[in-house]
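Student:
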Amino acid sequence: MIEIPSDLHKDLVPLAFLLGDWAGAGVHDFPGAEKCNFGQEVTFRHDGRDFLEYASHTWVLDGDGNKVRPLESEHGFWRIGADRKVEVTMTRDDGVIEIWYGELADRKPQIDLVTDAVARTAASGPYTGGKRLYGYVKSDLMWVGEKQTPEVELRPYMSAHLKKVVTPEEVERWAKALPDDMPDDGIAFFK
1 MIEIPSDLHK
11 DLVPLAFLLG
21 DWAGAGVHDF
31 PGAEKCNFGQ
41 EVTFRHDGRD
51 FLEYASHTWV
61 LDGDGNKVRP
71 LESEHGFWRI
81 GADRKVEVTM
91 TRDDGVIEIW
101 YGELADRKPQ
111 IDLVTDAVAR
121 TAASGPYTGG
131 KRLYGYVKSD
141 LMWVGEKQTP
151 EVELRPYMSA
161 HLKKVVTPEE
171 VERWAKALPD
181 DMPDDGIAFF
191 K
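Numbering (UniProt numbering), first residue to last: 1 to 191.
#1: Identify the residues that DSSP records as bridge partners of residue 20: which are they?
#2: Residues in the same chain with beta-carbon distance under 8 Å from residue 126, minus the five sequence neighbours each way, listed in chain order, please.
#3: Smallest Cα separation from residue 95: which of 56, 118, 35 and 30?
#4: Would you call residue 88 buried or exposed, if buried means 16 or more other Cβ atoms sit within 10 Å of its Cβ?
#5: Find out if the Cβ-Cβ distance for the pair residue 41, residue 57 is shorter than 7 Å.
#6: What would DSSP say about residue 14, mapped onto helix, strand or coil?
#7: Is the separation between the beta-carbon of residue 71 and that of residue 14 shorter than 7 Å?
#8: Quick one: grab the DSSP three-state call for residue 173.
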């Protein structure tokens, strides 16, 4: 269910499907790097202004799904124009800063992004650009990232399937919103 907060800036309504805390797992595979499964936590927040604040943390998972070590972290800001054009500024923990441009699909919660500018510190690895696709599918957030370097052509390198994290405060709010005439046994509700 997509919920639109009353204090969300009006320009951000088309991006409301991103809001909240997400967690899940995915696959990382790029030449020259360790192929692995990873866990991920993503947050999209707003403070009433015309952007969403974004944070993502990933970590390598072992064969049993346990955290082994950090993989990547990103922080950024997402905006959308009246023409459904999306712009993202992003900073990564490896010393890369990116500007992404893209578009929100027509009549579906899907965003295609492509890097427009990349800046790197001396400590960062080789990287020349990328693409990302984000989609809201059956109440889940899914994404795939592509990347290229001077040595490797643009190719997929990470993808994940994320579920919305529900906080105790949200459960309490939903419980208070239930109708007063709910059946006592709970089973009759489903008949």
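Every residue gets a Cβ at the ideal spot worked out from N, C-alpha and C, and that includes glycine.
Nothing here was measured: the structure is a model prediction, and the numbers come from that model.
Tutor: By the coordinates alone:
#1: Locating residue 20 in the sequence shown gives position 20, where the first residue counts as 1. Beta-bridge pairing links residue 20 to 44.
#2: To locate residue 126, count along the sequence shown from 1; it is residue 126. So the qualifying residues of the chain are 149, 150 and 151.
#3: Here residue 95 is taken as the residue at index 95 of the sequence shown, counted from 1. For the residues 56, 118, 35 and 30, the minimum Cα distance to residue 95 belongs to 118.
#4: Here the question's residue 88 lines up with position 88 in the sequence shown. Classification for residue 88: buried.
#5: What you label residue 41 is simply residue 41 of the sequence shown in a count that begins at 1. What you label residue 57 is simply residue 57 of the sequence shown in a count that begins at 1. Yes, the Cβ-Cβ distance between residue 41 and residue 57 is below 7 Å.
#6: Counted from its first residue, the sequence shown places residue 14 at position 14. Looking at residue 14 - three-state DSSP - the assignment turns out to be helix.
#7: Translated into the one-based positions of the sequence shown, residue 71 becomes position 71. Translated into the one-based positions of the sequence shown, residue 14 becomes position 14. Not a contact, by the Cβ cut-off of 7 Å.
#8: Taking the sequence shown and counting its residues from 1, one reaches residue 173 at position 173. It is helical.
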